[in-house]
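Protein chains in written order, with the numbering used here: chain A, 198 to 420; chain B, -11 to 68.
Idealized CB from N, CA, C, for every residue including glycine.
For reference, the structure is listed below as structure tokens.
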Amino acid sequence: MVSSDLTIPEWTAGERSFDPESAAWVQGLVASGPAHDETVVRLHELLLRVARSEVRRRQGQLRIAGPELDDLAHQAAADAVVGVMAKIAQFRGESQFTTWACKFAIFEVSTKIGRHFWQKPTVSMDNEDWDRLPDRFGLDPARIAEWRDVVVALRQAIDDELTEHQRRIFVAIVLDGTPLDSLVIELGTSRNAIYKTLFDARRKLRVSLVTNGYLDDNAVRQT
Amino acid sequence: MSSWGSLERFLVTDPLDAGCAKTFDLLDRYVERELAHRDAAAQFPGIAAHLSRCNPCVQDFEGLLAAIAAGPGSVRREKI
């Protein structure tokens, strides 16, 4: 039975060693019967509280409020509990259990917000309006004589250097301003995969602009 | 700085950049280190490099930091 005054000097599972609070959480979650059920309920309460706080913090990014916002928090908390249970064997006690578990709630809120934007996009995806490119980088129209050649070279490098997939990601994120987490939903992939694709595209484009004399390969750290 | 400085900054890639997956794996340790010692960037340079460029992961970092920093009455009091 797990109780609030449970005292566990140190608890280990295999190579893992936890602080007493974290040990109590893990013991409860890996237990069976009422102890397990009680701990799962408390975990859900914790993650729901965090998810609600997070959706309030990010409310300015959303066009929803009230019950719909709270529903998003409930969905995030429920999926976060599933995520924690699925990954509990990977918790190694390198942080407090609550910190480790709460990151799942935060991540699920991001995922739900991404899904929200995907369902109600502000711009159509894959819309290649290249006239928007200078504005996306905040280039001053009054100084077009200074940056026109660079932008033309960038546009050429996008055509010449990027793969079709890299180009699609570039267009969606840079040109259309699609949130990365929405693109994850759209393409059924991971945040890491999208980021890596754009990372490689950025590197290719910079190499091209440096090679052709539009950018200096100076003190900036570069792969 | 040239008039296309923002474009230059966008194109710069950092070889230390840990990526989103590794950042998620270490985010709890990064946040606790930051709250305890204010030197998470020095301890986890690859995560810091990533957070300087990835807005979704920055959002997660700021959210987790806020949740854990809330302290008594919020997450840290959560014991069983």
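Any Cβ of chain B closer than 8 Å to the Cβ of K393 of chain A would place that residue at the interface, and such an atom is present.
Contact between D378 of chain A and G311 of chain A holds: CB atoms are separated by about 3 Å, below the 8 Å threshold. W327 of chain A counts as exposed, since fewer than 16 other C-beta atoms from the protein chains shown sit within 10 angstroms of its C-beta. Shown here, S387 of chain A sits in coil according to DSSP, grouped into three states, outside any helix or strand. Near chain B, meaning a CB-to-CB distance below 8 Å, the residues of the segment 328 to 339 of chain A are F334, G335, L336 and D337. Nearest to L39 of chain B by C-alpha distance, out of B:L(-5), B:A58, B:W(-8) and B:L4, is B:L4. Interface flag for E(-4) of chain B against chain A is set, since a Cβ pair is found closer than 8 Å.
In the three-state scheme derived from DSSP, where H, G and I count as helix and E and B as strand, D357 of chain A is classed as helix.
Per DSSP, E325 of chain A is not a residue of any alpha helix (DSSP H), being assigned neither H nor E. Not a single unbroken stretch of the beta strand (DSSP E) spanning 3 or more residues falls wholly within the segment -7 to 20 of chain B. Residue contact with chain A for L52 of chain B: present (Cβ-Cβ distance below 8 Å to some residue of chain A).
Here the segment 4 to 13 of chain B does not lie against the segment 343 to 356 of chain A, with fewer than 3 beta-carbon pairs under 8 Å apart.
For K284 of chain A, the uninterrupted alpha helix (DSSP H) segment begins and ends at P264 to K284. Secondary structure of T375 of chain A (DSSP, three-state): coil.
Residue state for K300 of chain A is assigned as helix, using DSSP reduced to three classes. The DSSP-derived three-state label of Y411 of chain A is coil. Between A9 of chain B and chain A, the shortest Cβ-Cβ separation is below 8 Å. Assignment of S405 of chain A by DSSP, reduced to helix, strand and coil, places it in the helix class. In this model, A248 of chain A and D414 of chain A are separated by some 44 Å (Cα to Cα).
Non-local C-beta neighbours of L406 of chain A in its own chain, meaning closer than 8 Å and more than five positions away in sequence, comprise V347, A350, L351, A354 and L412, ordered along the chain.
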